[in-house]
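In my numbering, the protein residues as written are 44 to 235. These notes concern the structure reproduced below.
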């Protein structure tokens, strides 16, 4: 495994993914035979501990505020957040906990891996395995938040099934696909 120059013996760094600018986002797509629904969510928070010299030791949790799920159609958005679908008032967060990283490969500042973890949606927790790309940007927080520090950019694309999480399972599948494609594009900050 190659290690980025200047990161030997750096030790774990705690990155905060709370993003008041709401640049961090999750894109979701449900592509059913009759309708394609896509939307975003920007209520990202959580922390990740990342050691540039030992990326396989990464731990942490990414949290998404359920109420931040957004689709352009206001009627659809109301349905999305109500009891039958996401029940945002009862289940205010969606959480992913990192348990283990495997197939870790680092080239320069970028690490690719497979993360095994627990995904909790609508109160249902399932073990999932997802691909991830982490980019460690030493000293570049100043360019994003105007304070000295480091950034960790996390990118992941994966698919879940709404039926696995009790999201109106088996209902209206001609209009609302059971498969939900997710694309995470989030950055965590570690001010110095």
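Note that the Cβ used here is the ideal one computed from N, Cα and C, for glycine as well. These figures come from a predicted structure and were not determined experimentally.
Compare the beta carbon distance of residue 193 and residue 60 with 9 Å and say whether it is the shorter of the two. In this structure, residue 60 does not lie closer than 9 Å to residue 193 by Cβ.
What residue range does the beta strand (DSSP E) around residue 234 cover? Note, residue 234: beta strand (DSSP E), 222-234.
Please return the same chain residues whose Cβ sits closer than 8 Å to the Cβ of residue 79, not counting the five positions on each side in sequence. Only 72 and 73 meet the Cβ criterion.
Would you call the CB atoms of residue 212 and residue 200 closer than 9 Å? No; because the gap between Cβ atoms is not below 9 Å, this pair is not in contact.
Between residue 217 and residue 117, how many whole angstroms is the CB-CB distance? I'm expecting something under 8 Å. Rounded, the Cβ-Cβ distance is 22 Å, inconsistent with contact.
For residue 181 and residue 49, the rounded distance between their alpha carbons: Note that residue 49 scores a pLDDT of 47, beneath 50, so its modelled location is shaky; the value from the coordinates is reported in the next line. About 9 Å.
Whole angstroms is fine: what's the gap from residue 167's alpha carbon to residue 203's? Annotation: residue 167 to residue 203 spans about 13 Å, alpha carbon to alpha carbon.
Please give the ranges of any beta strand (DSSP E) in the region 72-130, keeping only runs that are unbroken, at least 3 residues long and fully inside the region. Within the region 72-130, the complete beta strand (DSSP E) segments of 3 residues or longer fall at 79-84, 87-93 and 102-108, listed in chain order.
Residue environment, residue 62, which counts as buried when at least 16 other CB atoms sit within 10 Å: That one is buried.
Straight-line CA distance for residue 197 to residue 164? Cα to Cα, the separation comes out at about 20 Å.
Cβ shell of residue 88 (< 7 Å), same chain only, five flanking positions each side left out: Same-chain partners within the cutoff: 60, 61 and 106.
Is the separation between the beta-carbon of residue 98 and that of residue 177 shorter than 9 Å? By the CB criterion at 9 Å, residue 98 and residue 177 fall inside the cutoff.
Taking all protein chains shown into account, do 16 or more other C-beta atoms lie within 10 angstroms of the C-beta of residue 121, making it buried, or fewer, making it exposed? So residue 121 ends up on the exposed side.
What separation, rounded to the nearest whole angstrom, lies between the Cα atoms of residue 109 and residue 231? Taking the straight line from one Cα to the other gives about 19 Å.
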